[in-house]
Every structure is written in C-alpha cells, then in structure tokens.
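Numbering (our numbering), first residue to last: 4 to 125.
Below, the structure written as structure tokens:
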C-alpha cells in the first residue's frame, strides 16, 4: 500500500470506530432503530478498507507480471511467457462458460449456473 492508501485506510478505521461508538451510545441511551442504523453504517468503511487492500494486491501482482514480462531473456532460452499465461489464465478462470466467453457475455451454455431461462410469456 502506498501513502495515500494508508491514509485512506486510517480514515476508514477512524470513521468505522466513530460510528461503532455512536451505535453503542444509541443502544444505551437512544432508540434501538438508531443503534441498528449506526451499527450497520459502521460496517461500510470496513468494506472500503477491504476493497483498498484488494486493489493494492492487484496493483502489486500487475507490477510483478510487468517486471517478469519485461525481464531480459537469457541467451539460448525461449521467451518467458509465464506472465502472459498468468494473465490469460486469470481471464479464462473468470469466465463462467465457453459460450459466455465467445459471445462476449451475452449468452450462456445450457449447463451454466448463471444462465437465465428464457420465458415465452410476453
């Protein structure tokens, strides 16, 4: 994580802590609906913090793939295609079925769990 990501993470933690403390105070002295509202709101910054860490992990992986792809090839060896293969493998693993992949996401195979059955009702 870089400096701005750390600062944003600290703000997320501070905001979440403040909302959680407000939820505790509302639970003790205020209406229950407000306590539930603040408790639910205190979870949202945690989601943002997790998102920032995932983005940081993806940036590090992309930088590593770029370094591996740009590394000089030793003499007598073939081109190192591991980085390109890793990227292609990640994209193929993200696809749910072959028809979805070949139709650019507009159709699914009959056995695909993401397929939406078509209705004849108008």
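Ideal Cβ positions, reconstructed from N, Cα and C, are used throughout, including at glycine.
Item to check | C-beta atoms of residue 29 and residue 37 nearer than 8 Å | outcome: yes
Next on the checklist: Between residue 55 and residue 8, how many whole angstroms is the CB-CB distance? I'm expecting something under 8 Å.
Outcome noted: 6 Å
Checklist entry - Got a sec? Which residues, its chain only, sit under 6 Å from residue 52 by beta carbon, not counting five neighbours each side? => result 12, 15
Checklist entry - What residue does the alpha helix (DSSP H) around residue 48 start on, and which one ends it? => result 47 to 73
Checklist entry - Alpha carbon to alpha carbon, how far is residue 89 from residue 41? => result 43 Å
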